[in-house]
């Protein structure tokens, strides 16, 4: 059975992905809070490791632990992220750093830790959950969109770097989903503009189940409302 590692897999979209894939794969969620990680893994029926994606030493230890248990990471889904909005001059500097460190640096760190094992096996798939924010700009979202555009650049560059290695990299660009940030605001006004997690998860499953000798460089989905 193949192994899937999902960052931020304890809640939200990451948790839905874990629940979906746990039926057919060894699923390991990477969560920074030990108690929440253990509880989520128990409810989902999957394994877990504890690490903060912003801390490379923790990430490296977590990946090594997974390899010792399952011998490989066949699929890496970089899903962890942090979101803020508002005028740039009103954004808290510490929160700006949190966005960049989690969404961008965390994605790079976890990929760096997993990649040597995939390259050695000459197989593996990295899927970066980026969102449509990595494709366009929007007022009062400058920091969030900057982090996502950076992950888009990382994804596209890594695709070129890994060509011929047996390891593929995909960028997943979902439109707005029913996340905690929108439940009490925009969602109530325009429910048709937001996708269910389960619908987006099926698109990720399509990427995962694409034959290993093929790649989907990018996949974008959004509600038919747009």
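Numbering (our numbering), first residue to last: 12 to 237.
Glycine residues also receive a C-beta, built at the ideal position from the N, C-alpha and C atoms.
- The beta-carbon distance between residue 39 and residue 24, rounded to whole angstroms, is 17 Å. This is too long to meet the 8 Å contact definition.
- Counted as a single uninterrupted DSSP element, the alpha helix (DSSP H) harbouring residue 123 occupies residues 117–132.
- Judged by DSSP in its simplified three-state form, residue 228 adopts coil rather than helix or strand.
- DSSP places residue 135 in the strand class (E or B) of the three-state scheme.
- Residue pairing from DSSP places residue 182 in a beta bridge opposite 139 and 229.
- The beta carbon of residue 116 is closer than 7 Å to those of 65 in its chain, skipping five residues each way along the sequence.
- The beta carbon of residue 19 sits closer than 6 Å to the beta carbons of 25, 90 and 91 from its chain, once the five residues preceding and following it are set aside; these are given in chain order.
- The beta carbon of residue 211 sits closer than 7 Å to those of 24, 185, 188 and 232, all from its chain and outside the five residues before and after it, given in chain order.
- Judged by pairs of C-beta atoms under 8 Å, the region 92–109 does not touch the region 40–50, as fewer than three such pairs exist.
- The continuous alpha helix (DSSP H) containing residue 67 extends over residues 67–81.
- In the DSSP assignment, residue 32 falls within the unbroken alpha helix (DSSP H) covering 23–32.
- Annotated three-state conformation of residue 95 is coil, per DSSP.
- DSSP places residue 39 within a strand segment (E or B) once states are collapsed to three.
- If you compare the alpha carbons of 17, 35, 225 and 224 with that of residue 73, the shortest gap goes to 17.
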